[in-house]
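**Student:** If you use our numbering, the sequence shown closes out at 804, no skipped numbers anywhere.
C-beta: ideal position from N, C-alpha, C; glycine also.
What you are looking at is a predicted structure, and each value in this text was computed from that prediction instead of being measured.
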Amino acid sequence: MSASVTATPSRILVVDDEVGPRESLRMLLKPAYQVKTASSGPAALEEIPRFRPDLVILDIKMAEMDGLEVLRRVKQLDPTIEAVMITAYASLETVKLALTHGAFEYLIKPFSRQNLDDVVRRALLRRHSDLGRRGQVARLVDEMRALAAKTSELEEAARREAAEQALRVTQLSLLREISRTIVTKLDPAELMASVTEQLQSALGYDSVRIVSHATPPRAGDAGVVCPIRDAEGSLGYLVVDNRNMRRPIDPRERELLEMLAEYLAIAVRNARLYGDLAETERSLERLVACAGEAIITVDAEDRIRAWNPAAERIFAMSAADAIGRPVTDVLLGADYAEAKRRLAAGTATHAFETRCAAGATSASALAVTLSALHGRHGSLEGLIAIVRDITLQRELESQLHQSEKLAALGQLAGGIAHDFNNLLQAILGYAQLMKQNPDNADLVERSLNVVETAAIDGSETVRRIQQFARLRPDEPFIRVDLPQIVHDAVAITRPRWEERTARDNRPLELRLALDPVPVINGRPAELTEMTTNLILNALDAMPDGGTLTITTRGAPAGSVTLTVSDTGVGMSEEVRRRAFEPFFSTKGDAGSGLGLAMAYSIAKRHGGEIRVESEPGRGATFTLTFPVVTEGTHRTNRRTPVAPRRHARVLVVDDDTQVLAILTELTQSVGHAVTSAASGAAALELFEPGRFDVVLTNVGMAGMNGWELAHRLRARDRDVAILFITGWGLREEDRGRLTALGIHRCLFKPVGPAELDVAIQAAVNGR
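#1: On the three-state DSSP scale, how would you describe alanine 80?
#2: How would you call alanine 268, buried or exposed, if buried means at least 16 neighbouring beta carbons within 10 angstroms?
#3: Could you spell out where the beta strand (DSSP E) holding glutamate 646 opens and where it closes?
#4: Hey, threonine 365 and aspartate 339 are a contact pair by Cβ (cut 8 Å); roughly how many whole angstroms apart?
#5: Quick one: give me the first and last residue of the alpha helix (DSSP H) that isoleucine 515 is part of.
#6: Measuring alpha carbon to alpha carbon, tell me which of Val52, Pro58, Ile97 and Thr45 ends up nearest glutamate 84.
#7: With distances taken between CB atoms, is the gap from isoleucine 587 to leucine 549 smaller than 8 Å?
#8: In chain order, which alpha helix (DSSP H) runs of at least 4 residues are fully inside the segment 370 to 415?
#9: Between which two residues does the beta strand (DSSP E) harbouring leucine 784 extend?
#10: Excluding the 5 residues flanking valine 736 on each side, which residues of the same chain have their C-beta closer than 6 Å to its C-beta?
#11: Return the CA-CA distance between isoleucine 427 and phenylalanine 352, expressed in angstroms with no decimal places.
#12: Taking just the CA atoms, how far does isoleucine 118 sit from arginine 59?
#13: Taking 8 Å as the cut-off, does the segment 744 to 761 touch the segment 717 to 735 (at least 3 CB pairs, one atom from each stretch)?
#14: Taking the alpha-carbon of threonine 658 as reference, which of Arg642, Leu633, Pro593 and Gly740 has the nearest alpha-carbon?
#15: Buried or exposed: where does alanine 308 fall if 16 or more other Cβ atoms within 10 Å of its Cβ makes it buried?
#16: Does the count of Cβ pairs from the segment 679 to 693 and the segment 563 to 583 closer than 8 Å reach three?
#17: Once DSSP output is grouped into helix, strand and coil, what is the label at valine 93?
#18: Just tell me which of Ala381, Gly260 and Pro253 has its CA closest to the CA of serine 271.
#19: So, for glutamate 142: in the same chain, excluding its five sequence neighbours on each side, which residues have a beta-carbon less than 6 Å away from its beta-carbon?
#20: By a C-beta neighbour count over all protein chains shown, 10 Å radius and 16 as the cutoff for buried, is valine 56 buried or exposed?
#21: Can you round the beta-carbon distance between aspartate 243 and aspartate 278 to whole angstroms, since I take them to be within the 8 Å contact cut?
#22: Looking at the structure shown, is lysine 73 part of a helix, part of a strand, or coil, going by DSSP?
#23: Spell out the partners DSSP gives tyrosine 274 in its beta bridges.
#24: Tryptophan 534: buried (16+ other C-beta within 10 angstroms of its C-beta) or exposed?
#25: Should glutamine 798 go down as buried or exposed, given a rule of 16 or more other Cβ atoms within 10 Å for buried?
#26: Using 10 angstroms around the beta-carbon of proline 553, count the other beta-carbons present and answer buried if the total reaches 16, otherwise exposed.
#27: Which stretch, first to last residue, makes up the alpha helix (DSSP H) that contains proline 346?
#28: Tell me which same chain residues have a C-beta within less than 7 Å of the C-beta of threonine 604, skipping the five on either side of it?
#29: Can the beta-carbon of glutamate 295 be found less than 8 Å from the beta-carbon of valine 424?
#30: How about alanine 135 and leucine 92: do their beta carbons lie closer than 8 Å?
#31: Where alanine 343 and threonine 124 are concerned, what is the direct C-alpha to C-alpha distance, given to the nearest angstrom?
#32: To the nearest angstrom, how far is it from the Cα of tyrosine 467 to the Cα of glutamate 482?
#33: Measuring CA to CA, which of Ile557, Arg537, Leu480 and Asp541 is closest to phenylalanine 514?
In structure tokens:
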């Protein structure tokens, strides 16, 4: 360690919150300087007025108060105190801030003792140069007097020494300026141009170049080649050429250039890292701009901070209009708040489906993935929302769902025609026998029983189809007998498997083991649809024939089970795990992948569970478990008071003469006074307020249908009771129209006299 530049040792304050580095610096500096240490920034600030240091050596990274803050306060106390920063992190931003706040120099750990000695000596030289100008003048006068007494040789030596010292100071000043350039310029080309220009103009070299050759260039007699390298390898060479001037480069200049090459290594590496970072940033920006999903950045106050082109397209809102607005202007507030609450509780991401806020976009369904942006202390500082418009997907799912039903109905159409032709054969045959033998009372009675049974069977088939196709009103949860549901589903699907048996000569055996079980709560139409899907799925799984077994039995804990088993091809473990996923199918184009998914959703809506057991080649067994009706449910059923029976005045309207005739006779047969009208227009001519108690009208009529007739009747009389009767069924969207027109009830053909009378009595009694 060299001696201090003054007779009295200079005072140095070492500040580091780690004892090892602090004591190491103290031991290195103690032989030549007065040294004190401080373990923190506040302790150093308290020591400065007492110790009055010439130089403060600061660690940049300290826990209680970092080195940059200590440096700023030291300069406020005494701007003349020099400061040297020490860091283990070669961060350009940190170094830039240190130099901006007045640091003389910085050292990067680990550094050599020689580097420490050189930096300390130069810092103290500048300190004493600034503070001791008067003392320096006096000393210079003494030196001049002493030099005057010396010989010319000594005078020449002194002048040469002074010139060399001045050159050294100039070189060090140049190094400091170049160092400042290095830490403030990140563009590689701009950095190289600035450094070479400063060297060439300040030191008068012929040329200065920075090259990236793998092989070092030749220096020549009047040149220097300094490698630029760091721990990761060679980064190039600093080449100085002075051949034209023929001035040899001094060893001290060479030392300066080698030191500069070390700084350049840091600068070049950081410049390359900056370039890589900039390129990565540009790539990310391009990815965000080209993403098909909306990518939205939200701050801690739930305001939009970033908005990519996909967001502009999905929400029909430009970035200029979106940025700064609350995110709840585009996403439904309740769903967003719940997702944010989950993220605040520690969840990294949360996916949910929602819809856009009112008026924000035409998209009616959105899939959102919300991710948390946490700060250094774990607090939620913002969010990233990735939003996908799934409106079209949901519409396609709905269409495919409907297609699944239509496909099932299409498969059943041939069987339905077969059943109806058999029923018509029985009705027609016995009707003709009765015409031929009108006096044979036994034959007539037997024939009428067959005709009535066939008609009831036909109407039951129509009822099941209408419920399956949702052409009858959704039933509320009622008490349902599960074995009866199985019988209904078997009746719907029987023509299909009987036709396959006859066509392919591959036997399909049906085994029913339907134990009496407690009733459950449910909608018969949905449960029939569920069971139908399971039966059809089982039939498809047995292309070579087999046995279909359906059982019902009681289960523990107040539940019942329905089991559908087949002896078909079975499923692999992967297929079994995905069996209930929507749109997953192993049937190729022949399947939509919705049959089992629909069965799963219906079971869940009824509070039930469904599971499947299967192995390849060993068939499959679907087991469904449902809760039974509790005693509390039985007690809630209240008996409706019986109203006195009334004979009503009924206007019957239908454009089919045969149907009009039978409805008239059925109504008269139960004691009501009937007026018939063969069209809606004829009914309007007959109708007068107060003349009729009930209007019974068909819905599907030519000219004026039942809806239009009801609308015109309501314009004349707000109180008359109106009943609809239809053979088509009702669509979901028709339910609201019934309520709006005050229609008491819609009957479905065919109806018997008892059902017709119950509906008329309920209408006239206001029930």
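**Tutor:** The short version:
#1: helix
#2: exposed
#3: 646 to 651
#4: 7 Å
#5: Unbroken run through isoleucine 515 is the beta strand (DSSP E), 515 to 517; no alpha helix (DSSP H).
#6: Val52
#7: yes
#8: 370 to 381
#9: 780 to 785
#10: Gly743, Phe761 and Thr763
#11: 13 Å
#12: 19 Å
#13: yes
#14: Leu633
#15: buried
#16: no
#17: strand
#18: Pro253
#19: Val121 and Val156
#20: exposed
#21: 5 Å
#22: strand
#23: Val248 and Pro264
#24: buried
#25: buried
#26: exposed
#27: 346 to 352
#28: Met579, Gly583, Thr584 and Gly656
#29: no
#30: no
#31: 36 Å
#32: 10 Å
#33: Ile557
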